[in-house]
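Count along the sequence shown from 1, add 2, and you get the number used in our numbering.
Working notes, structure below.
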Amino acid sequence: MLAFVTIGTNDLKSSAKFYDEILLPFSIVQVDSDESYVGYADINYPENIELYIMKPYNKKAASIGNGTMIAFLADTKKQVDQFHAIGLKNGGIDEGSPGPRHGEHY
Numbered sequence: 003m004l005a006f007v008t009i010g011t012n013d014l015k016s017s018a019k020f021y022d023e024i025l026l027p028f029s030i031v032q033v034d035s036d037e038s039y040v041g042y043a044d045i046n047y048p049e050n051i052e053l054y055i056m057k058p059y060n061k062k063a064a065s066i067g068n069g070t071m072i073a074f075l076a077d078t079k080k081q082v083d084q085f086h087a088i089g090l091k092n093g094g095i096d097e098g099s100p101g102p103r104h105g106e107h108y
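Below, the structure written as structure tokens:
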């Protein structure tokens, strides 16, 4: 059902230090990063990133809602487009059309 969770931050370095430490008891470790995000996965499955800490995609300050994302797994682009259209039709706010954000699959 879920692909990953994203938590927004205004201070990536401090947030990464915090999550590096707090996730360790669960065997969740930092497996990927660049200047805008840090990705975490189970130490035994580093290819399955399930948590991202990142600066918001829209370049605005992270807040309770801005920068936070829960990504659902979809089998097709059509599903993604339908999901987005239904969300807008039912009062959702468009913060960017569906499309790749972090690689081919996202």
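Think of the CB as a built atom: it goes at the ideal place given N, C-alpha and C, for glycine as much as any other residue.
In this text the structure is predicted, and so the values were computed from the model without any measurement.
Residue j beta carbon less than 7 Å from that of residue i
{"i": "F6", "j": "E52", "result": "yes"}
{"i": "N68", "j": "G10", "result": "yes"}
{"i": "D44", "j": "S65", "result": "no"}
{"i": "P100", "j": "H86", "result": "yes"}
{"i": "L26", "j": "Y42", "result": "no"}
Whole-angstrom distance between residue j and residue i, CA atom to CA atom
{"i": "V33", "j": "L75", "result": "21 Å"}
{"i": "Q84", "j": "I55", "result": "27 Å"}
{"i": "G98", "j": "L90", "result": "11 Å"}
{"i": "K19", "j": "D36", "result": "14 Å"}
{"i": "V40", "j": "S16", "result": "11 Å"}
Exposed unless 16 or more other CB atoms sit within 10 angstroms - verdict on residue i
{"i": "A63", "result": "exposed"}
{"i": "Y47", "result": "exposed"}
{"i": "T8", "result": "buried"}
{"i": "G93", "result": "exposed"}
{"i": "K80", "result": "exposed"}
{"i": "K57", "result": "buried"}
Residues that DSSP places opposite residue i in a beta bridge
{"i": "Y42", "result": "Q32, L53"}
{"i": "V7", "result": "L53, I72"}
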